[in-house]
Amino acid sequence: MDSNSVHLLEQQLFLTFIKGLLDSKHVSSTHTEKLQVLEVGCGHAYFFELLTSQFSNRLSVTGIDRHKEGIDAGEKRLGTRLGDHRLIQSSFLDFEPQQKEAYDVIIFTKSLHHCPPLDVTIERVYNLLKPHGLLIAEEIARIPTGETWLFDRMEILYAADLLKSNRPHQLEQVIKSSDKPPMERWAMLFGHHGHDHQHEPLATMEDILISINAKFGASNVRQHGNLPFYYHFFAFAGLTDTPLGANILTTLIAQEDKAIRDGKLTGQGIIVVAEKL
Numbered sequence: 001m002d003s004n005s006v007h008l009l010e011q012q013l014f015l016t017f018i019k020g021l022l023d024s025k026h027v028s029s030t031h032t033e034k035l036q037v038l039e040v041g042c043g044h045a046y047f048f049e050l051l052t053s054q055f056s057n058r059l060s061v062t063g064i065d066r067h068k069e070g071i072d073a074g075e076k077r078l079g080t081r082l083g084d085h086r087l088i089q090s091s092f093l094d095f096e097p098q099q100k101e102a103y104d105v106i107i108f109t110k111s112l113h114h115c116p117p118l119d120v121t122i123e124r125v126y127n128l129l130k131p132h133g134l135l136i137a138e139e140i141a142r143i144p145t146g147e148t149w150l151f152d153r154m155e156i157l158y159a160a161d162l163l164k165s166n167r168p169h170q171l172e173q174v175i176k177s178s179d180k181p182p183m184e185r186w187a188m189l190f191g192h193h194g195h196d197h198q199h200e201p202l203a204t205m206e207d208i209l210i211s212i213n214a215k216f217g218a219s220n221v222r223q224h225g226n227l228p229f230y231y232h233f234f235a236f237a238g239l240t241d242t243p244l245g246a247n248i249l250t251t252l253i254a255q256e257d258k259a260i261r262d263g264k265l266t267g268q269g270i271i272v273v274a275e276k277l
């Protein structure tokens with residue numbers, strides 16, 4: 001595993017959160033059976049790679065994604081390191097586990113807002129979780145307040161030829177629209193992100209919280225907000241996956257975190273944790 005990979009580095013903050021949560025609640029020396037974990041929207045399996053490596057033999061992880069390209073890339077990169085863990089091409093609602101109440105933890109990595117119809121998805125999450133199982137959703141608040149912070153840095157990286165997007169025309173459009181209002185540029189970057197959703201509207205953070213609270217009970221749901229998230233968009237825009245790129249991303253993460261702590265930026269990241277009781 002290349003710890004200097006931009007794609008692995010951008011997953012580290014969420015991994016740290018997950019590790020703290022599982023270490024305190026689920027994973028202990030008294031556990032003799034592997035925890036069953038489902039990651040929904042695993043993409044190219046970078047978070048999946050970190051999770052399976054971090055917890056070694058303590059977890060059995062299944063990663064699913066509707067896009068074959070990501071699953072194939074993950075399987076090729078991981079090779080024999082995949083072990084008994086599984087990567088499967090499937091949407092969440094089409095995925096068929098071997099048994100009901102199959103999972104201790106279901107993780108949505110930036111993917112829950114891509115899983116309509118939302119109430120049906122949450123109902124299925126609840127049914128697939130074992131008693132005291134956890135739903136963990138990594139999401140973006142999508143209330144942009146720091147677009148200038150994001151685009152100022154993106155323009156510098158683009159000028160230095162350090163962004164190698166696989167959607168170069170889209171990125172060029174965003175960069176060359178510096179005369180447009182930040183919210184409009186945000187819509188360009190965020191609204192056409194290369195996923196196939198058949199043009200259905202994305203669930204808002206409010207929608208997600210209402211649906212989760214209704215099914216799990218508000219007293220069993222916790223929110224962790226005001227977290228760094230903009231840094232993901234540099235990786236999304238194709239920040240070169242080299243040691244230099246990793247150093248740049250490390251600096252950007254630190255800058256974003258400091259700006260949030262200093263009250264100069266509102267963190268767009270939010271993690272929702274719900275327990276099935």
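In terms of the UniProt record's numbering, the sequence shown is residues 1 to 277.
No residue lacks a Cβ here, since even glycine has one placed at the ideal position from N, Cα and C.
Predicted model, so just to flag it, every value in this text is computed and none were measured.
Identify the residues that DSSP records as bridge partners of Asp65: which are they?
-> Gln89
Measure the Cβ-Cβ separation of Gln268 and Phe229 and say whether it is below 7 Å.
-> yes
Anyone know if the C-beta pair for Ala141 and Ile18 falls short of 7 Å?
-> no
Relative to the alpha-carbon of Asn166, which residue among Lys76, Leu239, Gln12, Arg261 has its alpha-carbon at the smallest distance?
-> Leu239
From Gly74 to Gly43, what distance separates their C-alpha atoms?
-> 8 Å
Sorted by chain position, which residues of the same chain lie with C-beta nearer than 7 Å to Asp119's C-beta, five sequence neighbours on each side aside?
-> Ser211
Is the CB-CB distance between Tyr231 and Leu252 below 7 Å?
-> yes
Which one or two residues does DSSP pair with Thr38 in a beta bridge?
-> Per the sequence shown, residue 38 should be read as Leu rather than Thr. In the DSSP output, where bridge partners are listed per residue, Leu38 has Thr62, Ile106.
Alpha-carbon spacing of Asp84 relative to Val40, whole angstroms = 18 Å
My guess is that Val273 and Leu21 are in contact by the Cβ rule of under 8 Å, so how many angstroms apart are they, rounded?
-> 7 Å
Given Thr148, which residues of its chain have a CB within under 8 Å of its CB, disregarding the five upstream and five downstream residues?
-> Pro182
Under the three-state DSSP convention, the category Ile248 falls into = helix
Any idea what DSSP makes of Ile208, helix, strand or coil?
-> helix
Asp241 vs Ser5 beta-carbon contact at 7 Å | yes
Backbone CA spacing between Ala214 and Gln98 [nearest angstrom] = 27 Å
What is the residue span of the beta strand (DSSP E) that Ala274 lies within?
-> 269-275
Of the residues Thr204, Ile143, Phe92, Phe151, the one placed nearest Glu123, counting alpha carbons only = Phe92
Any alpha helix (DSSP H) of 4 or more consecutive residues that is wholly inside the stretch 108-150 | 118-128
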